[in-house]
Amino acid sequence: MERLEYSKTVLEHFRNPRNVGELEDADAVGTVGNPVCGDMMELSIRVEDNRITDIKFRTFGCASAIATTSMLTEMVKGKTLEEAEKLSWDDVVGGLEGLPPVKVHCSLLAVDGLKKALYEYYKSRGIIREDLNIKGESEHEEEEAVKESGPLV
Amino acid sequence: MERLEYSKTVLEHFRNPRNVGELEDADAVGTVGNPVCGDMMELSIRVEDNRITDIKFRTFGCASAIATTSMLTEMVKGKTLEEAEKLSWDDVVGGLEGLPPVKVHCSLLAVDGLKKALYEYYKSRGIIREDLNIKGESEHEEEEAVKESGPLV
Amino acid sequence: MDRVYLDAATSLPVRREVLEEMLPFFTEHFGNPSSIHELGRIPREAVERSRGHVASLISADPSEIVFTSGATESINLAMRGVLPFLKERRKVIISSVDHMSVRATASALTSGGYVVEYLPVDDVGRIDIGAAERMIDEETAVVSFPFASSEVGTVQPAGELASLAHSAGALSHVDLTMSALQMPVDVGECGIDMATLSSPDLMGPKGVGALFIRKGVKITSLIKGGGQERNLRSGSENVPGIVGMGAAARIAGERMEEDPARMRVLRDRLIEGLTSIPESYLNGDPENRLPNNANVRFSYIEGESMLLMLDLNGISVSTGSACAQKTLEASKTLLAMGLKHEEAHGSLIFTLNPTNTEHDIEKVIEVMPGIVSELRAMSPIYNMKE
Amino acid sequence: MDRVYLDAATSLPVRREVLEEMLPFFTEHFGNPSSIHELGRIPREAVERSRGHVASLISADPSEIVFTSGATESINLAMRGVLPFLKERRKVIISSVDHMSVRATASALTSGGYVVEYLPVDDVGRIDIGAAERMIDEETAVVSFPFASSEVGTVQPAGELASLAHSAGALSHVDLTMSALQMPVDVGECGIDMATLSSPDLMGPKGVGALFIRKGVKITSLIKGGGQERNLRSGSENVPGIVGMGAAARIAGERMEEDPARMRVLRDRLIEGLTSIPESYLNGDPENRLPNNANVRFSYIEGESMLLMLDLNGISVSTGSACAQKTLEASKTLLAMGLKHEEAHGSLIFTLNPTNTEHDIEKVIEVMPGIVSELRAMSPIYNMKE
Ligand SMILES: Cc1ncc(COP(=O)(O)O)c(C=O)c1O
Ligand SMILES: Cc1ncc(COP(=O)(O)O)c(C=O)c1O
Chain A
1 MERLEYSKTV LEHFRNPRNV GELEDADAVG TVGNPVCGDM MELSIRVEDN
51 RITDIKFRTF GCASAIATTS MLTEMVKGKT LEEAEKLSWD DVVGGLEGLP
101 PVKVHCSLLA VDGLKKALYE YYKSRGIIRE DLNIKGESEH EEEEAVKESG
151 PLV
Chain B
1 MERLEYSKTV LEHFRNPRNV GELEDADAVG TVGNPVCGDM MELSIRVEDN
51 RITDIKFRTF GCASAIATTS MLTEMVKGKT LEEAEKLSWD DVVGGLEGLP
101 PVKVHCSLLA VDGLKKALYE YYKSRGIIRE DLNIKGESEH EEEEAVKESG
151 PLV
Chain C
1 MDRVYLDAAT SLPVRREVLE EMLPFFTEHF GNPSSIHELG RIPREAVERS
51 RGHVASLISA DPSEIVFTSG ATESINLAMR GVLPFLKERR KVIISSVDHM
101 SVRATASALT SGGYVVEYLP VDDVGRIDIG AAERMIDEET AVVSFPFASS
151 EVGTVQPAGE LASLAHSAGA LSHVDLTMSA LQMPVDVGEC GIDMATLSSP
201 DLMGPKGVGA LFIRKGVKIT SLIKGGGQER NLRSGSENVP GIVGMGAAAR
251 IAGERMEEDP ARMRVLRDRL IEGLTSIPES YLNGDPENRL PNNANVRFSY
301 IEGESMLLML DLNGISVSTG SACAQKTLEA SKTLLAMGLK HEEAHGSLIF
351 TLNPTNTEHD IEKVIEVMPG IVSELRAMSP IYNMKE
Chain D
1 MDRVYLDAAT SLPVRREVLE EMLPFFTEHF GNPSSIHELG RIPREAVERS
51 RGHVASLISA DPSEIVFTSG ATESINLAMR GVLPFLKERR KVIISSVDHM
101 SVRATASALT SGGYVVEYLP VDDVGRIDIG AAERMIDEET AVVSFPFASS
151 EVGTVQPAGE LASLAHSAGA LSHVDLTMSA LQMPVDVGEC GIDMATLSSP
201 DLMGPKGVGA LFIRKGVKIT SLIKGGGQER NLRSGSENVP GIVGMGAAAR
251 IAGERMEEDP ARMRVLRDRL IEGLTSIPES YLNGDPENRL PNNANVRFSY
301 IEGESMLLML DLNGISVSTG SACAQKTLEA SKTLLAMGLK HEEAHGSLIF
351 TLNPTNTEHD IEKVIEVMPG IVSELRAMSP IYNMKE
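Chains as they are written, first to last, in my numbering: chain A, 1 to 153; chain B, 1 to 153; chain C, 1 to 386; chain D, 1 to 386.
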């Protein structure tokens, strides 16, 4: 069985998530994921002078998804759009002091949410950045099937 | 695994076997079994007035074989030849208060030894009783083979 | 322990009395039951006494009980061991509310040329007898189902299913893992051919289980070797474990009136408290269910995060959410009952053990509403619907 | 206990310290290692710590250790689990001095279309390397042999055999059951692919074992289910058992110098005393043997009756005699060494454990001559030869 041990930082962000909610005066909102798959995320950002000056999130999902989004909002606040765009899931997982391997997909979702919000922001300004246009949820890793190469004797 | 629990009577006969040895003035000696198979028995009898007046044995074998032969010698002493011939292994096993199922063959050997001694006795008097002429050891019960009706899936 | 433990379906402590009975067999009576010298006698007798206790619990004959290393092994032995004797039958039927150990055992058979079919259930998780009647045929080798679903607790029509199997000449296997501590069963009366029992789920030690195999059922061993357990399960007997399972079975039998009745009352209070939280619903059959099981879904939020919030409050439970599973798959049982994925994700499984108290239940009822609203406040779907 | 216990090969008590370490896991730390709530953590960590101890004992990596229910299961998993990945190879080679668990596992494969061949041994029970070289070929899937024969104690040329297997592209499996408490082994250095370990034979609890599977060896599980032990051994982990095996392995490692050296001295005294009885001989290799093993044959008499006489004198031993076996077959090991049936019938197996004392040995040496002469007086073959 996979071990599911969250770092102290993950638990801390889960217990006290930063920036929960919805910005009233958001410049853009990105929504990714799907409740059917167990994870869904909504990120609203305010942009001033090419910088993300405020950000809020809502997440339906596991502790890892919640903590990752919370961490991401902290990391992104104050960054320029170019810096934000370059934020990778490695950065976020690093900020959280690691995630159980099986939970990495949740952190992908948070990064996707940010991209989608940036896409919406650019779009509202008439710029179409298809590379930021995340369609669905990052795929769950495929179930590691019980691989049988033939019947057991 | 078969349980190997000997009755008190078996253990008592094993510890203090009756009539061990060889009659110096035997009227007949019967030998059955084979050390290769783990059991061998030698029974010498004295016959007077158609009665077994004395009997002695030697056994190579397990506790059960020793106890059974000892018990048989006790049961047979004083019996007429006709009575002795009718002694069955049920009688001996009964006298011993039972034997572990896996050990029943040892009691068959004791009865076979008596038959063989009687055969030899009759033979010395010119009577051929082929029905008493035991050739080898009673067969070991066949090993309960691991019965597989096909490979396991 | 101040923790509130409501995860009996996942693991149970060994009863003190059971452990006491086991102890001498680790050190003093350490002999091998197969030994013909004196030190084999006490272990041998103890193993047979345990076999008797286990048999009694399900009204079987001791000769019909084989000790194994646990429920999973029993299930593998039952479902695979009989197949070589039913060669022309190439279909294995299991229920769609079976534990993963049954599902994985059945799945693995497909590579051996077997077809696996799943008995459907209704919206409370009860196996559809009509469908079973249509599915079980002369192609069918084994029909396996749980006495009660381990997740939602719904009790299955065991007697009816076993007799459908019989009519078709198939064998029935019933997983008693989750029910044996709580619900009496008479395997003869039910017409069951094979039944799996788990020691830890009877509050005995882990690493032991048993399989009931009705007299006359032909079966071959899974594990080959020294021929122990009448050649059906080789390997030196786990004597302390078997002694523990025997003691656990005996005590379970003695407390079969008292413990489940108490758990049922507490369980009902828990269901009442939890389903009074807005948009929170009981999964499974409200009437015909395991006395210790409350499976509740809380709309708009996800199970693993609820589970962790409860854990941080000192309360242990399980969830049917994919996020808590290695496979990241939502509960097959809940999906089979027709729940939507997001409903399955939002389900928690509360299972009681005989030591739970009213206080435990009240504590859950006290903290759960706060957890639900906190997570709902964070949930985009909850806020969308508002 | 006043008994003199010289039957370590059949069963050993659990060390007190081992039992102490196990106890909290029955009651307090009873959680399931797969649980994500707090109660899963301590059991999970304990299982991994144990895996480390077991790995250390044989210089393996923890990721190469799979816990099972015992030696017999490990053997079945090793020998059968690799076959689906070696499909074109249809030959399984075992030694003629393997334990019945290996023989039965191999035999069962014949019904699946496999050919089983037996490595011959010389008159002290050592596997014939020349024959092995001729027999192991590109048809061979698995070569299995014991590190030391459990009955006569002869140590096998493990490294040479493993490398013969490698050269032919076959996998080696080594049964360490009987040697692990007494002889260090470095599985990497020996080039071993798989190795079976038994907890009770390390003075740990019964019902647990392990299989070493070298990184890169492809293997499928024997028991299907929840996917525990990296999907190689499903079923909820036997946590107290695994903790016990870990502790036993750790202590065995710590005492690997001291205990075997002490046993060796006592064992040599025993052999000397027993073989000074007329027409009594040591079976097996006088030099290259397990430190705790003395296998002695006493001509003209049978083992079960000697065993029982010793038992009545408070001494527990084993015998290679058919009469003490369920199968009523004489020891295959002794016959493979070229002994006659009647010699095999007359053999006793004395195996020491670390707690045996000089007094134990002296007691055997004191009573054995009387038992031998008493039985010889009763033996027709002894009296014939006189
Ligand atoms: C060498 C050897 N291998 C394997 C086994 C099988 O061990 P178990 O019966 O504990 O599974 C034994 C049993 O004594 C043995 O001596
Ligand atoms: C209904 C049911 N069957 C079988 C099993 C498998 O039991 P184990 O993992 O102890 O082998 C479980 C495990 O919880 C279960 O709930």
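Where is the CB? At the ideal position from N, CA and C, for every residue including glycine. Predicted, not measured: the structure shown is a model, and the values here were computed from it.
Per the DSSP calculation, residue i is bridged to which residue(s)?
i	result
G89/D	The sequence shown places Arg at residue 89/D, rather than the Gly named in the question. Note: R89/D sits in no beta bridge, so no partner.
V121/C	I127/C
N133/B	Its beta-bridge partners do not exist; DSSP assigns none.
N295/C	N283/C, I349/C
T59/B	M41/B
D54/A	R46/A
L171/D	V142/D
V20/B	F57/B
V4/D	I315/D
G113/C	None, per the DSSP bridge assignment.
A148/D	V155/D
Would you tell me roughly how many angstroms separate the C-alpha atoms of residue i and residue j, rounded to the nearest one?
i	j	result
E258/C	G246/C	19 Å
R15/A	A170/D	54 Å
K147/B	G112/D	Here the model assigns K147/B a pLDDT of 41, short of 50, so the residue's position is not dependable, and the following value carries that caveat. The straight-line gap from Cα to Cα measures roughly 13 Å.
K56/A	E304/C	22 Å
E42/B	G113/B	7 Å
L109/D	A168/D	21 Å
V4/D	S236/D	38 Å
H173/D	S280/D	35 Å
E2/A	D175/D	Caution applies to E2/A, whose pLDDT of 37 falls short of 50 and renders its modelled position unreliable; the model cannot decide the point.
L290/D	A252/D	15 Å
N238/D	V47/D	9 Å
S138/A	G33/A	Bear in mind that a pLDDT of 40 at S138/A, under 50, signals an unreliable position, so the model cannot answer this.
E329/D	T357/C	58 Å
I66/B	L39/C	23 Å
S179/C	R90/C	29 Å
L86/C	R126/C	28 Å
L81/A	K103/A	27 Å
Tell me whether residue i counts as near ligand 4, meaning its Cβ is closer than 7 Å to at least one heavy atom of that ligand.
i	result
P205/C	Looking at this structure, you won't find ligand 4 anywhere; what it does contain is ligand 1 and ligand 2.
Self-check item: Touching by the beta-carbon criterion (3+ pairs, under 8 Å), the segment 352-372 of chain D and the segment 262-274 of chain D
Solution: yes
Quiz item: When the Cβ atoms of the segment 3-11 of chain D are set against those of the segment 224-236 of chain D, are three or more pairs found closer than 8 Å?
Solution: no
Quiz item: Is the segment 371-384 of chain C in contact with the segment 334-344 of chain D, if contact means three or more CB pairs nearer than 8 Å?
Solution: no
Quiz item: Taking any Cβ of chain F, which residues in the segment 335-369 of chain D have a Cβ under 9 Å from it, in chain order?
Solution: Note that chain F does not occur in the displayed structure, where the protein chains are A, B, C and D.
Quiz item: For the 8 Å Cβ check, are there 3 or more pairs between the segment 119-134 of chain D and the segment 69-77 of chain D?
Solution: no
Quiz item: Taking a cut of 8 Å between CB atoms, which residues from the segment 27-50 of chain B lie near chain D?
Solution: T31, P35, V36, C37, G38, D39, M40, M41, E42
Quiz item: How do the segment 35-49 of chain A and the segment 341-354 of chain C stand: do at least 3 beta-carbon pairs fall below 8 Å, yes or no?
Solution: yes
Self-check item: Touch test, the segment 205-218 of chain D against the segment 183-194 of chain D, Cβ-Cβ under 8 Å, three pairs minimum
Solution: yes
Quiz prompt | Contact set between the segment 290-302 of chain C and chain A, restricted to residues whose Cβ is under 9 Å from the partner | solution = Y300, I301, E302
Quiz prompt | Selection of the segment 55-68 of chain A by Cβ proximity to chain C, strictly under 7 Å | solution = R58, T59, F60, G61, C62, A63, I66
Quiz item: Any contact of the segment 7-23 of chain B with the segment 69-87 of chain B, i.e. 3+ C-beta pairs under 8 Å?
Solution: yes
Quiz item: If you measure beta-carbon to beta-carbon, which residues of the segment 7-25 of chain B are closer than 9 Å to chain D?
Solution: L11, F14, R15, P17, V20, G21, E22
Quiz item: Taking any Cβ of chain C, which residues in the segment 201-220 of chain D have a Cβ under 8 Å from it, in chain order?
Solution: P205, K206, G207, V208
Quiz prompt | Segment contact, 8 Å Cβ cut-off, at least three pairs: the segment 299-313 of chain C with the segment 367-376 of chain C | solution = yes
Practice problem: Below 9 Å between beta carbons is the criterion; list the residues of the segment 141-156 of chain D that meet it against any residue of chain B, in chain order. | Solution: none
Practice problem: Using a Cβ-Cβ cut-off of less than 7 Å, give me the residues of the segment 111-135 of chain D that come near chain C, in sequence order. | Solution: none
Exercise. Give the residues from the segment 303-317 of chain C that approach chain A closer than 9 Å (Cβ to any Cβ), ordered along the chain.
Key: G303, E304, S305, L307, L308, M309, L312
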